[in-house]
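**Student:** This is the structure I have questions about; it appears just below.
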Amino acid sequence: MAGAEPRWRVVVSVGPAQPELRAALALLPPRARAERLRQLALIGLSTLRSAPSAPMVAPPAQAPEPQSGLDQRRERLLRSLAAGSE
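Numbering (my numbering), first residue to last: 79 to 164.
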């Protein structure tokens, strides 16, 4: 096809170092996972472009939340990710 833009195929491994992302993506079918990763990449790119002069600094360390609070937060995240893919 003359003039057509070439398509890229990118293989991404989401390992145990990203448990929240991995759990959220595990709920989706494979094609939906790819689309969700594209969406998240665009959000990240937009964030980086919107503040080019801001240094990339980790936020100050906070006291860890109780385990039950972390579980509730993770469940809210999973529900919002699942709702966004429907």
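All residues carry an ideal CB built from backbone N, CA and C; glycine is no exception. Because the structure is a prediction, the values reported are computed rather than measured.
Please look up how many angstroms separate the CB atoms of Ala-101 and Leu-148, rounded, as I've assumed it's under 8 angstroms.
**Tutor:** Between Leu-148 and Ala-101 the Cβ distance is about 13 angstroms, and since that is not below 8 angstroms, they are no contact.
**Student:** Considering only the beta carbon of each residue, do Leu-103 and Arg-116 sit closer than 8 angstroms?
**Tutor:** No; because the gap between Cβ atoms is not below 8 angstroms, this pair is not in contact.
**Student:** Kindly list the residues whose CB is nearer than 7 angstroms to the CB of Glu-98, restricted to its own chain and excluding five residues on each side of it in sequence; keep chain order.
**Tutor:** These residues qualify, in order along the chain: Arg-152 and Leu-155.
**Student:** Are Leu-118 and Ala-160 close, meaning C-beta to C-beta below 8 angstroms?
**Tutor:** Result no, Cβ atoms of Leu-118 and Ala-160 do not sit closer than 8 angstroms.
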